[in-house]
Every structure is written in C-alpha cells, then in structure tokens.
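Asks: This structure is in structure tokens; I'll ask about it shortly.
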Amino acid sequence: MSGKTATEDTRKRTKDEEVTRILASATLKKNCQRISLLLQTLQVVHNNLPFVVGEWEESQLLHAVITKEEFRAVVNRQTITHAVEELYASGVVEMTHVIRVNRIPGVKFFTMVTDFWTCKTLGMKFVGLRLYYIDNDWKFGSILLGTRHFKPLYGERDQGIREPYARWLKQILGDFGLTTADFFGATTDGGPDVKWMMESGLRLQWEWCWPHLTNAATKEAFGMTGDRNPGMRSLLSKVTVTIYQVRSVEVMGSLYAELVDALGVGKEWKLVDYKPHRFMGLTQVFRRIVKHWDVFELWYEERTRKFERDGKISPNPFPLSGQKKLMEQLLSLLVPISAVNVKSQAEKVNQVDVLLSVYKLGMKTLAVDQPLVKFDSTIEHVVHDHPTELLLLAETTRNLRSQPFQTRFFSRYTCREAMKKCSFVWEIQLLLHPHTKNIDGMLVGIVGACGRSQRLSDGVIERNKSAVKQLVLQRLKTIMMSLQPSEAEPVMQVPAAFYPNGGFSEDLCDFLPLTVARAPEQPTLQMLLEGRVDEELDRWFSDPQLLVATSATDVETVLNFWKRMLETGTYRC
C-alpha cells in the first residue's frame, strides 16, 4: 500500500469514527436542531465562511428542500456567533482537563511556540500560541491554545509591544489554568521583541524555531532581503519572468502541457510560483524548472517561430538560457534545507533526527570546503560537485547561507559567550537517545568540526570540547534533579559525646598522634539527589540497550523506549 493510499484510509476511518460518535451522542437524540447548528458552525469556522451564510436565500432553500424538519435550525449571524462562543468555551474546558491530567505539579513541563503573522488580504496582524507536551502515556502532543487579532491601542505602544504582548500571553494561559511557571522552554523566530519576551520576560529556555531560521537564512542568501547577493536577485527576476510568460502568453495555448506529455518528464502540466516569505515554494519552483528544462527550451523556440510566421517582431528568448547548471547547483543547496524544514514541522518525536540533519547540513551542504551533493543523488549513487566546479553565483550563495547558521546555531560550539547563554536542549535530547548518547562521539566531533571550520587553534578546540561537554551534562543533571520527588531530609543518629582520648590510657596520650573524634558529616538531600543522578547517568552511558524493532522496517520511538525503561524499573530518574 502506498503512503498516499494509507493516508486516505486513515482519513476515511477518522471520518467514520467521527460520524459514529456524533450519531451516538446524547445531544443528537435530545435536540437534533442543536447538533445541526453546531455542525454548521464548524463548517463556517473551518472554511472561513461569513456568519450570515445561513441567511442566504440559496442556503434557506437548500435546507427547506433536503433537510428533515427535526434538523432545521435557525442559522444566522446571531446563532452562529453564540454557537462559536459555546464551542470555544467547551473546548477550553476539555483542553484544561487534558492539561491538568498530563502536567507534573511543581515542574516546568511544557514548551510554547508563539508567532506573529499578517493576513495578506486584510492587512491585520495575528499572534498564535501553541503548547507542546508529553502525556501520561508517553505520547507527543500539542494544543493550539489560541489565535488572536493583535492590535494594541495607541497608548499601550508607548514602550513598544512587549507589555501588551506579555499581557496577551498571560491572559490566554490563564484561560487554561496555566502560568509562565509551568513552562520550561520556547521556540520562536529571532525577532527582538519575541526573543526578549521568551528569554528575559518569561525566563524560558529559548531556541530558534528551525523553519524560521532556515527561512531567514534563505531569504538573505538568495537576495530576497538586503543587497548582499544582487546576482541572485537578478536570477530570481528571470525565474519570475519565465513563469509569467509561460502562464500568460495566450497564443501558445496548451503547448506547455503537450510538450510535457510528449517528452515524458512527468505529469506536472502547470508551473508553480513562490511567495517571498516561504522559501520552500522556491525549492519546488527550481525543481520544476530543472525537471522541465527541455520543455522550456522547446516552448520558447516554438514561440519565436510562431511570431516569425505571423510577421511579428521576435520576442525575448528564454530568460534562463545557458543557466541550467547554475539552477541545478542552487537546487542542490535548497533541497537539504527544505528537508530539514519538513522534518522540523512533522509534529513527531524526531528532535534528534532533526538535530542530526542540521549537523549534516552544516558539515556537508554548507561547508564551503566540502563537495556539494547533487539534488538528484541517491543512497546507491551519490554524485558530487567539487568546490572548484561550483559556479561563482552558487559559491557566493553557499557562503551567504552558511553564515546565518554559524551565527545563530553553530556558534554555541565555538563562542564562549554563546555557550553560557545556550540551554543545550537539543544536545540533551541527543544524550537521551540510546543510539547517540556517547558524548565523546557525535557531539564532541561536531564541536571539533565547527572549530576547524572557523580556523581555531587545536588548543582552543580542545577547550571548547571540554566546556560544551561539561555544560551539557550540567544542564541535564539540573533537569533530572528537578524531576525527583520531594523527600524529607535524612536523619542520622549521632552519639551525644565522643571520648576525646579514644579509650587509651592517659600515659599514651603524649605518644600517639590522637585526633579529636568528630561526628560524621550528615548528608543533605541535595547530596543524595546528586549521587542518585550521577549513578543513573553512569549506568545509562554504559547501558547497551537500543531501540526495539516494531516491524521489518520500523523501530519504536525514543518515547516508547523510555516508557519501557520506566515500566521495567530499569531507571528511576
């Protein structure tokens, strides 16, 4: 069964289960009109329909003809608005219960993701907040707590947007019985206000959101922002012209689709466009152009001949003529970063997989002294472009793309100031994975590679390795100790008094170097917790257990692995 077929089957089963649940609900049996109104409200909300859709003459006629009398509800702006409020209130109650059941009291347990965006059609700014957590069954989950129109009053913006932004966050958290003390970390973009709010305002362990980081790095390197790469900006202009001409020249009719069929280069008969704020669309545009390169050349040749037959002035030639190799090399830069972007948005327990992909990206694709793997390479047949074979624009773009990744991520392995501020959450997850827990292996190797790429001396690299290793272990131990159950201070029975001469006769006191006996030091709870954590980590780093295969092609997730460790009593921390 193909992946697409499996997805469709899953959707069908989910829909059937939803229908069965609704038909069996008590609300449907008691009040059919109420359930009809709620379902139509969901249709309005999910499809962004106007609230007055039920007042349209066509809607009323449709309900009168095909809807049973007992299901005919009054659907207008007022009833839809009331139903939206009711659905939201019930959703808040349900999600509050889910959060309360799955939280760990007194522990910073949740992670938040918050983001601003502007509606292109309405010009309105919105802000959203999503909660990430691990439930009691060791499954990864997330809840979209809210999406609100963000428009502070004029007087509220005297000190910027930080104060109204903080108030909005705290208000929506309060709706679900949460406070900022329940959160451990956050992933957002690098905007000054958002980053300050996460790190200084809420005091969370902040990390870059990978889609935002990759998008910002790509826009900068490809000349979409700033003037650092004018050659790339010129190329993108030619790409835009090519797409526009093939789409808009009416006299060419369906020639493009017919050429695609005739040359057998796929079933994609239309060109795709991209939006400057979403670079993954740019990857698809470059891929389609490279794949249909022969189609473009024939299309422009036939266009020129048609103009000549009609006695018209010859049109401009193919804007990208002679630049196929450049397009292929740029596509080879785009594909790996797009893959990281897709992985990081998968809503799965794949953080270690994402981190390793970033390591590979930084050490291979963006390393200017390494061969560039071609976009169409396979595991069985890998093809490279040597650094000396890269065209000037591709080489420049590669250099520009590597700089943001070095500054915003890999600097944690080369800069002492960045090390002190870093939470090392990604690296901690690396150590908690049974296949990558050797801290002297992957992690230390990456620190060394980053140091060499920055041309640091061997002595500095070794000190960086030691510092990163120490900081990651320290952060991990701190988290483990915060998760330990509270215990009473240990009480030791200490004798009331000690005989000062040790019980020897007085004439030996001048001969023997006796010391005054002291009561043994009483261990504190902190000492006991540290000892327990150190013992658990020592056992973990020497434990040979790996992920268990669940099928011929799949293995258990790292969360299922730790669930198994807990149920078998292998580890306590």
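First residue of the sequence shown: 1, per full-length UniProt numbering; consecutive thereafter.
Idealized CB from N, CA, C, for every residue including glycine.
Am I right that Val-368 and Pro-387 are in contact with their C-beta atoms under 8 Å? What's the rounded C-beta distance?
Replies: 7 Å
Asks: For Glu-425, which residues of its own chain have a beta-carbon under 7 Å away from its beta-carbon, when the five flanking residues on both sides are left out?
Replies: Position check: residue 425 holds Val in this sequence, whereas Glu was assumed. Contacts found: Gly-185, Gln-205 and Glu-207.
Asks: Does the Cβ-Cβ distance between Thr-114 and Thr-188 come in under 8 Å?
Replies: In this structure, Thr-188 lies closer than 8 Å to Thr-114 by Cβ.
Asks: Compute the distance between the beta-carbons of Leu-355 and Arg-228, then report whether it is under 8 Å.
Replies: no
Asks: With a threshold of 16 other CB atoms inside 10 Å of the CB of Ile-461, please say whether the residue is buried or exposed.
Replies: buried
Asks: Taking the straight line between their C-alpha atoms, what separation do you get for Lys-15 and Glu-536?
Replies: 45 Å
Asks: If contacts are defined as beta-carbon pairs under 8 Å, then Val-84 and Thr-41 qualify, I think. What distance do you get, rounded to the angstrom?
Replies: In this structure, Val-84 and Thr-41 form a Cβ contact; the two beta carbons are roughly 6 Å apart against a cut-off of 8 Å.
Asks: Suppose you measure from the CA of Gln-474 to the CA of Gln-345; what does that come to, to the nearest Å?
Replies: 29 Å
Asks: Excluding five sequence neighbours on each side, which residues of the same chain lie with their C-beta closer than 7 Å to the C-beta of Leu-129?
Replies: Met-112, Thr-114, Leu-145, Gly-146, Leu-169 and Ile-172
Asks: Keeping to the same chain, check which residues put their C-beta closer than 6 Å to that of Leu-566; ignore five residues upstream and five downstream.
Replies: none
Asks: With a 10 Å radius around its C-beta and 16 neighbouring C-beta atoms as the bar for buried, classify Cys-422 as buried or exposed.
Replies: Under a 10 Å Cβ-count criterion, Cys-422 is classified as buried, with 16 or more other Cβ atoms of the shown protein chains found around its own Cβ.
Asks: Closest to Glu-106 by C-alpha separation, out of Pro-544, Asp-9 and Met-481, would be which residue?
Replies: In the sequence under discussion, the amino acid at residue 106 is Gly, which differs from the Glu named in the question. The candidate whose alpha carbon is nearest that of Gly-106 is Met-481.
Asks: For the ligand COA, any of its heavy atoms closer than 7 Å to the Cβ of Glu-462?
Replies: This structure simply doesn't include the ligand COA, nor any ligand for that matter.
Asks: Whose C-beta lies closer than 6 Å to the C-beta of Gly-201 among residues of the same chain, with five residues either side of it excluded?
Replies: Closer than 6 Å at the Cβ level, and outside the excluded window around Gly-201, lie Ala-166.
Asks: Starting from Thr-396 and walking both ways along the alpha helix (DSSP H), at which residues does that stretch end?
Replies: 392 to 408
Asks: So, is Phe-498 buried or exposed, given that buried needs 16 or more other C-beta atoms within 10 angstroms?
Replies: A caution first: Phe-498 carries a pLDDT of 49, below 50, which makes its placement in the model unreliable, though a value can still be read off. Answer is exposed; the Cβ neighbour count stays below 16.
Asks: Since Arg-305 and Leu-271 should fall inside the 8 Å C-beta cutoff, what is the C-beta to C-beta distance between them, to a whole number of angstroms?
Replies: 21 Å between Cβ atoms; not a contact.
Asks: Here's a check: name, in chain order, each residue in its chain whose Cβ is nearer than 6 Å to the Cβ of Arg-233, leaving out the five neighbours to either side.
Replies: Here the set comprises Gly-223.
Asks: Going by DSSP in three states, Thr-365 sits in which element: helix, strand or coil?
Replies: Note: Thr-365 maps to helix in three-state DSSP.
Asks: Could you tell me if Trp-56 is buried or exposed, where buried requires 16 or more neighbouring beta carbons within 10 angstroms of its beta carbon?
Replies: Taking all protein chains shown into account, Trp-56 has fewer than 16 neighbouring C-beta atoms within 10 Å of its C-beta and is therefore exposed.
Asks: Grab me the residues of residue 580's own chain with a C-beta within less than 8 Å of its C-beta, minus the 5 sequence neighbours each way, in chain order.
Replies: With the chain represented from 1 up to 573, any question about residue 580 goes unanswered, as that position is not in the structure.
Asks: Output needed for Ala-217: all residues of its chain with C-beta closer than 7 Å, excluding positions within five of it in sequence on either side, in chain order.
Replies: Around Ala-217, the same chain offers Arg-401, Pro-404 and Phe-405 as residues with beta carbons nearer than 7 Å, after the five sequence neighbours per side are excluded.
Asks: What residue does the beta strand (DSSP E) around Arg-130 start on, and which one ends it?
Replies: 125 to 134
Asks: Are Thr-96 and Phe-176 close, meaning C-beta to C-beta below 8 Å?
Replies: yes
Asks: Give a yes or no on contact between the region 373 to 387 and the region 320 to 338, applying the rule of three or more CB pairs nearer than 8 Å.
Replies: yes
Asks: With DSSP as the reference, label Gln-245 as helix, strand or coil.
Replies: helix
Asks: State yes or no: is the C-beta of Gln-484 within less than 8 Å of the C-beta of Leu-529?
Replies: yes
Asks: When you compare each of Val-98, Trp-293 and Gln-159 to Tyr-132 by their alpha carbons, which one comes out closest?
Replies: Val-98
Asks: Could you have a look at Trp-117 and say whether DSSP puts it in helix, strand or coil?
Replies: strand
Asks: Straight-line CA distance for Leu-431 to Phe-541?
Replies: 9 Å
Asks: With distances taken between CB atoms, is the gap from Cys-450 to Thr-414 smaller than 8 Å?
Replies: yes
Asks: For Val-548, count the other beta carbons within 10 Å of its own beta carbon; 16 or more makes it buried, fewer makes it exposed. Which is it?
Replies: exposed
Asks: Which of helix, strand or coil does DSSP assign to Arg-148?
Replies: strand
Asks: Rank Leu-559, Thr-570 and Leu-178 by C-alpha distance to the C-alpha of Asp-137 and give the top, closest one.
Replies: Selected option, being the one with the closest Cα: Leu-559.
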